[in-house]
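Colleague: In UniProt numbering, the protein residues as written are 1 to 256.
Virtual Cβ for every residue (Gly too), placed ideally from N, Cα, C.
Structure in structure tokens, see below.
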Ligand SMILES: [Zn+2]
């Protein structure tokens with residue numbers, strides 16, 4: 001066991017090929033300045049990311065051309081750049097999402113620098129590489145599914161790279177309206193675990209961002225105008241939703 005210092009994991013074998021955005025599972029007080037003094041007194045083998053971002057700014061723990069031990073997987077450690085969205089246990093939703101935005105901005109700059117385009121191959125989740133809840137808070141807030149959370153991150157990064165997100169929900173018509181409904185993913189006690197989603201007859205769409213609820217209300221209003229009925233609502237268990245997500249694409253639309 002060795003205390004952390006920059007470069008401890010050695011040089012990356014080549015240009016980074018993707019990014020992983022983590023949630024630190026730290027308290028409201030675990031800010032960038034906290035990690036700056038804590039990490040060098042911490043055994044490196046227990047894990048570290050390249051960048052820590054919190055409400056007080058950014059701590060770049062290691063150079064992007066060095067390997068970081070952040071994913072519990074040697075391939076991802078060697079080829080992925082890594083960020084921690086800090087304060088993921090204590091912050092309010094709004095505070096946490098503000099830190100996420102700062103991370104997206106920093107990821108966008110790094111992806112530009114290395115010529116990477118944000119998509120489902122280049123923006124990955126920790127839980128794809130090892131058994132972990134990470135990114136637990138982003139997961140709960142942005143759809144509780146791999147693709148939905150990836151799409152949230154991708155849309156967030158694209159915004160800071162000046163790339164438009166072209167996804168539009170399928171508009172209700174008299175013909176397709178029987179396929180369309182709104183749903184929540186719920187736990188064993190029937191308690192919602194993520195945001196509200198729309199099944200638009202083609203795919204599941206998470207209406208996220210600060211105007212997400214407004215946009216979904218607008219969609220529901222259009223549905224009622226066209227069909228004369230309220231848009232149906234239902235609940236899915238996580239297992240049902242996982243299965244559903246294999247048959248129908250899960251998309252995230254950022255209504256900021
Ligand atoms: Zn992680």
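Can you tell me whether residue 73 is helix, strand or coil according to DSSP?
Modeller: coil
Colleague: Please state whether the Cβ-Cβ distance between residue 29 and residue 135 is less than 8 Å.
Modeller: Going by C-beta atoms, residue 29 is not nearer than 8 Å to residue 135.
Colleague: Touch check for the segment 45-63 and the segment 156-166: three-plus C-beta pairs under 8 Å?
Modeller: Verdict: no, contact absent.
Colleague: Starting from the Cα of residue 177, find the closest Cα among 252, 199, 251 and 211 and give me that residue.
Modeller: 199
Colleague: Excluding sequence positions up to five away, which residues of its chain have a Cβ less than 7 Å from the Cβ of residue 1?
Modeller: The residues 43 and 45, in chain order, have a CB closer than 7 Å to that of residue 1 in the same chain once the five nearest residues on each side in sequence are set aside.
Colleague: Using a strict less-than 5 Å threshold between each residue's beta carbon and the heavy atoms of ligand 1, what residues do you get?
Modeller: Those satisfying the condition are, in chain order, 22, 126 and 134.
Colleague: By Cβ distance, which residues of its chain are closer than 6 Å to residue 184, with the 5 residues on each side in sequence left out?
Modeller: For residue 184, where only same-chain residues beyond five positions count, the Cβ hits under 6 Å are 192, 196 and 235.
Colleague: Tell me which residue opens and which closes the beta strand (DSSP E) that residue 236 is part of.
Modeller: 233-237
Colleague: Start and end of the alpha helix (DSSP H) containing residue 225?
Modeller: That run of the alpha helix (DSSP H) goes 212-227.
Colleague: Is the segment 101-119 in contact with the segment 77-86, if contact means three or more CB pairs nearer than 8 Å?
Modeller: yes
Colleague: What separation, rounded to the nearest whole angstrom, lies between the Cα atoms of residue 9 and residue 99?
Modeller: 27 Å
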